[in-house]
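Chains as they are written, first to last, in the numbering used here: chain A, 29 to 422; chain B, 221 to 490.
For reference, the structure discussed in these notes is given below.
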Amino acid sequence: MKKGYFGEFGGQFVPEMLMPPLRELEAAMRDILPSDTFRAELDDLLRNFAGRETPLTACPTLSAELGVNLWLKREDLLHTGAHKVNNTLGQALLAKYMGKTALVAETGAGQHGVATAAAAARLGLECVVYMGATDVVRQAPNVMRMKLLGAKVVPVQSGTKTLKDAINEALRYWIAQQDSTHYCFGTAAGPHPFPTLVRDLQCVIGRETRAQMQERVGQLPDMVVACVGGGSNAIGMFHPFVDDASVRIVGVEAAGTGEPGCYNSAPINLGRPGVLHGQHTMLLQDADGQIEPSHSVSAGLDYPGVGPEHAHLGAIGRVTYGMATDSQALEAFQALTRREGIIPALESSHALAWVLNNRDKLPAGGHVVVNLSGRGDKDMEIVREVLFREGELA
Amino acid sequence: MSAAIHTDMNDMLPEAPVSRLEARVAAANAAGRPALVPFLTAGFPTLDRFWEEMDGLDRGGADVIEIGVPFSDPVADGPVVEAASLRALENGVTLRWILDGLKARKDRYNAELVLMGYYNPFLQYGLENLAADAAAAGVAGFIVPDLPLEEDAEMRALLAARGIDLIALVGPNTSEERMAEYAAVASGYVYVVSVLGITGVREGLPPEVPQTLARARKAFRLPLALGFGIKEPKQLEGFPDRPDAVVFGSALLRHIDAGNSAESFLAAWK
Numbered sequence: 029m030k031k032g033y034f035g036e037f038g039g040q041f042v043p044e045m046l047m048p049p050l051r052e053l054e055a056a057m058r059d060i061l062p063s064d065t066f067r068a069e070l071d072d073l074l075r076n077f078a079g080r081e082t083p084l085t086a087c088p089t090l091s092a093e094l095g096v097n098l099w100l101k102r103e104d105l106l107h108t109g110a111h112k113v114n115n116t117l118g119q120a121l122l123a124k125y126m127g128k129t130a131l132v133a134e135t136g137a138g139q140h141g142v143a144t145a146a147a148a149a150r151l152g153l154e155c156v157v158y159m160g161a162t163d164v165v166r167q168a169p170n171v172m173r174m175k176l177l178g179a180k181v182v183p184v185q186s187g188t189k190t191l192k193d194a195i196n197e198a199l200r201y202w203i204a205q206q207d208s209t210h211y212c213f214g215t216a217a218g219p220h221p222f223p224t225l226v227r228d229l230q231c232v233i234g235r236e237t238r239a240q241m242q243e244r245v246g247q248l249p250d251m252v253v254a255c256v257g258g259g260s261n262a263i264g265m266f267h268p269f270v271d272d273a274s275v276r277i278v279g280v281e282a283a284g285t286g287e288p289g290c291y292n293s294a295p296i297n298l299g300r301p302g303v304l305h306g307q308h309t310m311l312l313q314d315a316d317g318q319i320e321p322s323h324s325v326s327a328g329l330d331y332p333g334v335g336p337e338h339a340h341l342g343a344i345g346r347v348t349y350g351m352a353t354d355s356q357a358l359e360a361f362q363a364l365t366r367r368e369g370i371i372p373a374l375e376s377s378h379a380l381a382w383v384l385n386n387r388d389k390l391p392a393g394g395h396v397v398v399n400l401s402g403r404g405d406k407d408m409e410i411v412r413e414v415l416f417r418e419g420e421l422a
Numbered sequence: 221m222s223a224a225i226h227t228d229m230n231d232m233l234p235e236a237p238v239s240r241l242e243a244r245v246a247a248a249n250a251a252g253r254p255a256l257v258p259f260l261t262a263g264f265p266t267l268d269r270f271w272e273e274m275d276g277l278d279r280g281g282a283d284v285i286e287i288g289v290p291f292s293d294p295v296a297d298g299p300v301v302e303a304a305s306l307r308a309l310e311n312g313v314t315l316r317w318i319l320d321g322l323k324a325r326k327d328r329y330n331a332e333l334v335l336m337g338y339y340n341p342f343l344q345y346g347l348e349n350l351a352a353d354a355a356a357a358g359v360a361g362f363i364v365p366d367l368p369l370e371e372d373a374e375m376r377a378l379l380a381a382r383g384i385d386l387i388a389l390v391g392p393n394t395s396e397e398r399m400a401e402y403a404a405v406a407s408g409y410v411y412v413v414s415v416l417g418i419t420g421v422r423e424g425l426p427p428e429v430p431q432t433l434a435r436a437r438k439a440f441r442l443p444l445a446l447g448f449g450i451k452e453p454k455q456l457e458g459f460p461d462r463p464d465a466v467v468f469g470s471a472l473l474r475h476i477d478a479g480n481s482a483e484s485f486l487a488a489w490k
């Protein structure tokens, strides 16, 4: 297989001026990541700064309703509120070992921006975060958090003023600042080696889940489910189970409002192969290859592409990629909140929504693990708005 | 696939054809000046004005015209080219519109024509169809800023089979070894990027430009075209080794956007 490819997906479709820093990063992954000192320092950060390991929580009420044993992998309990910090601590530490003094990052909802800013503050690195101007307005509390953590937040006015444009702008910044700065990419996508680097840093999710299931019920799960935007929480959960034929794996894309032809964030289900942000992958695009705007009620899934390893796992049929709509996600959000006392992020609510709406596809009596990738505190405004509009909140 | 193409070419043409782009730059240099290579986004500022400005650039003495194929996410470009690109898309520009327009104007231009754009629109058009239609439209070369050596073999082979060059891009952080890898496959001219950055956002040229040019001179036997941040001839004064061609992009687009003609922009360089 060609270097940096997963089947026909992946690659390095970047300007020549980004090839030297990408090669530098590949070398760092090879030489630094496996070293004992690096592993020990990252492990300490993950345990004692971020709060690993995260619990595996049984859901008695929903389990009884669904006729399966439903478990949640609690990435929502991590510092900064989502799985993102697994990646940013790893990349920030790697950047430090590489001799870099600054991080640049893109962010959509602001979760990756906050997690990057926190890692940078902890490790004494400068931090610049590019964020679409539309998102800066929509996600004001996260902008405040990033600024408090010492990051410089740059609103991006170009294109659709959302995540994809923030990535464009962060890549441009990195071209110019590559000597001093590491690009702390937020998801398992982009040019090689980012899809592999981010996956390797997120695989702690699946490894822990495996060990916890063995310990608690003496077997592997029958099914694991995760939401897929760029796909970093999902690949972190899936990858350690890919070689276990008995484990069914389901990724859940955001179907948007759900009517035919609506804007969505489901490129594996509704897109075509193409090239964006350095990777050959499944994309939302028009007939001429222009990238189409995406939509999801959850900003963290709102991206017109997907990590190339997911495109590959879908193409070979190892992972089933389903969809959940905005309203299904909101229903799942309420179900988990009321029935189990856990307020999930709208992103993670998509994974749960697939489970709630596909009972016939669940392994009856078996064990289903949903990756609860983040907590819902950040979504209060949008949830309030929607539920108030629908008359469910007075 | 590429082996078969090369065999066919060898059957038809016993000797490799001389690149039209290489020959055109050499002709300008023989006349004692760098080749003038303006960049103009297709369909900018309007569909009709674009074709008028193409004529103006041609009359004004452009040796090569780089026609920008608009893309929604132009990651190597600065705000001026990006804005022009998005405006062109709003005007309804597609790759097919560009190729059909050029086909209808075949042999109209004295300048050689190069299409410059990001990979996805080319990929979605179909690379084989693209090579055939570009050849029929008289296109002499392509520049694809997000297609480095690792990914360009298929497109390079398909274009080469039609006598079309895929222009190599190198920059201040491209090592001599890396340039040598490009030199093994490059044809036409070499696009030397002046700065570690994006198009059109700075005042002067950075001090490392002569070193970059010197490295490229050593690695390539092809003519060198300098681009990114070029506005006026005096920027090149004092260079020990003048580039063989100069590319103007953002400065020309700004000039046109301010209501001036493309032709008048070239006057300073004649």
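The C-beta atom is built at its ideal place from N, Cα and C for all residues, glycine as well.
So which residues of chain A does residue i contact, with C-beta pairs closer than 9 Å?
| i | result |
| --- | --- |
| B:Phe-291 | Gly-317, Gln-318 and Ile-319 |
| B:Thr-261 | None at all; the shortest Cβ gap to chain A is about 14 Å. |
| B:Ala-354 | Within chain A, no residue comes near B:Ala-354; the closest Cβ sits about 16 Å away, beyond 9 Å. |
| B:Glu-397 | The contacting residues do not exist; B:Glu-397 stays about 11 Å from chain A at best. |
Could you please give the first and the last residue of the uninterrupted alpha helix (DSSP H) stretch that includes residue i?
| i | result |
| --- | --- |
| A:Val-140 | A quick correction: the sequence has His, not Val, at residue 140 of chain A. Counting along the chain, the alpha helix (DSSP H) containing A:His-140 begins and ends at 139-151. |
| B:Ala-248 | 240-250 |
| A:Ala-78 | Counting along the chain, A:Ala-78 falls outside any alpha helix (DSSP H), and DSSP gives it neither H nor E. |
Can the beta-carbon of residue i be found closer than 8 Å to that of residue j?
| i | j | result |
| --- | --- | --- |
| A:Ile-263 | A:Arg-227 | yes |
| B:Asp-477 | B:Pro-443 | no |
| A:Thr-215 | A:Gly-141 | no |
| B:Val-415 | B:Pro-392 | yes |
| B:Asn-340 | A:Gly-302 | yes |
| A:Leu-329 | A:Ser-293 | yes |
| A:Asn-114 | A:Leu-229 | yes |
| A:Ala-161 | A:Lys-189 | yes |
| A:His-395 | A:Ile-233 | no |
| B:Ala-304 | B:Phe-264 | yes |
| A:Ala-137 | A:Lys-406 | yes |
| B:Ala-360 | B:Arg-240 | yes |
So with CB distances below 7 Å, who are the chain B contacts of residue i?
| i | result |
| --- | --- |
| A:Ala-204 | Leu-416 and Gly-417 |
| A:Glu-54 | The contacting residues do not exist; A:Glu-54 stays about 12 Å from chain B at best. |
| A:Asn-196 | Asp-293 and Val-295 |
| A:Lys-192 | Asp-293 |
| A:Leu-225 | Going along chain B, no residue has its Cβ under 7 Å from A:Leu-225, so there is no contact; the nearest lies around 17 Å. |
Give me the chain B residues within the contact set of residue i, using Cβ-Cβ distance strictly less than 8 Å, ordered along the chain.
| i | result |
| --- | --- |
| A:Leu-304 | Asp-293 and Asn-340 |
Note down, in chain order, every chain A residue with its Cβ under 7 Å from the Cβ of residue i.
| i | result |
| --- | --- |
| B:Glu-370 | Gln-40 |
Under 6 Å Cβ to Cβ from residue i, same chain only, skipping five residues before and after it: list those, please.
| i | result |
| --- | --- |
| A:Ala-360 | Ser-377, Leu-380, Ala-381 and Leu-384 |
| B:Gly-458 | none |
| B:Ile-454 | The sequence shown places Lys at residue 454 of chain B, rather than the Ile named in the question. No residues qualify anywhere along the chain. |
| A:Met-126 | Ala-56 |
| A:Gly-419 | none |
| A:Gln-119 | Cys-212 |
List the residues of chain A that residue i touches, going by C-beta distances under 8 Å, in chain order.
| i | result |
| --- | --- |
| B:Thr-314 | Asp-316 |
| B:Pro-299 | Ser-186 |
May I ask which residues mark the beginning and end of the beta strand (DSSP E) holding residue i?
| i | result |
| --- | --- |
| A:Glu-281 | 276-282 |
| A:Met-310 | 306-311 |
| B:Leu-485 | It is Phe, not Leu, that sits at residue 485 of chain B in the sequence shown. Per DSSP, B:Phe-485 belongs to no beta strand (DSSP E); it is in the alpha helix (DSSP H), 482-487. |
| A:Leu-98 | 97-102 |
| A:Val-158 | Note that residue 158 of chain A is Tyr in the sequence shown here, rather than Val. A:Tyr-158 -> beta strand (DSSP E) spans 154-160. |
| A:Asn-399 | 395-400 |
| A:Met-351 | 348-352 |
| B:Gly-276 | From DSSP, B:Gly-276 is part of no beta strand (DSSP E) but of the alpha helix (DSSP H) over 267-279. |
| B:Leu-256 | 255-261 |
Spatial neighbours of residue i within its chain, please: C-beta separation below 8 Å, excluding the five flanking residues on both sides.
| i | result |
| --- | --- |
| A:Pro-219 | Gly-32, Gly-39, Gln-40, Phe-41, Val-42, Leu-46, Leu-50, His-305, Gly-306 and Gln-307 |
Could you pull out every residue in the same chain whose Cβ sits closer than 7 Å to the Cβ of residue i, ignoring the five residues on either side in sequence?
| i | result |
| --- | --- |
| B:Ala-262 | Phe-270, Ile-287, Gly-288, Val-289, Pro-290, Ala-308, Val-313 and Ile-318 |
| B:Val-405 | Arg-376 |
| A:Thr-285 | Thr-353 and Asp-354 |
| A:Val-414 | Leu-358 |
Applying a beta-carbon distance threshold of less than 9 Å, which residues of chain B neighbour residue i?
| i | result |
| --- | --- |
| A:Ser-274 | Correct list: empty, because the minimum Cβ distance to chain B is about 37 Å. |
Note to self: For the structure I just gave you, are there three or more beta carbon pairs, one from the region 302-309 of chain A and one from the region 343-355 of chain A, closer than 8 Å?
What the structure shows: no
Notebook entry, point to check: Is the region 192-200 of chain A touching the region 279-287 of chain A, taking contact as three or more C-beta pairs under 8 Å?
Noted result: no
Check: Counting pairs of beta carbons, one from the region 336-343 of chain B and one from the region 362-381 of chain B, are three or more of them closer than 8 Å?
Finding: yes
Item checked: Contact the region 147-160 of chain A vs the region 92-105 of chain A: 3+ CB pairs below 8 Å -> no
Check: If we count Cβ pairs, one from each stretch, closer than 8 Å, do we get three or more for the region 368-376 of chain A versus the region 397-407 of chain A?
Finding: yes
Margin query: For the structure I just gave you, are there three or more beta carbon pairs, one from the region 385-395 of chain A and one from the region 314-333 of chain A, closer than 8 Å?
Written below: no
Checklist line | Contact between the region 275-286 of chain B and the region 251-264 of chain B (3+ Cβ pairs under 8 Å) | finding: yes
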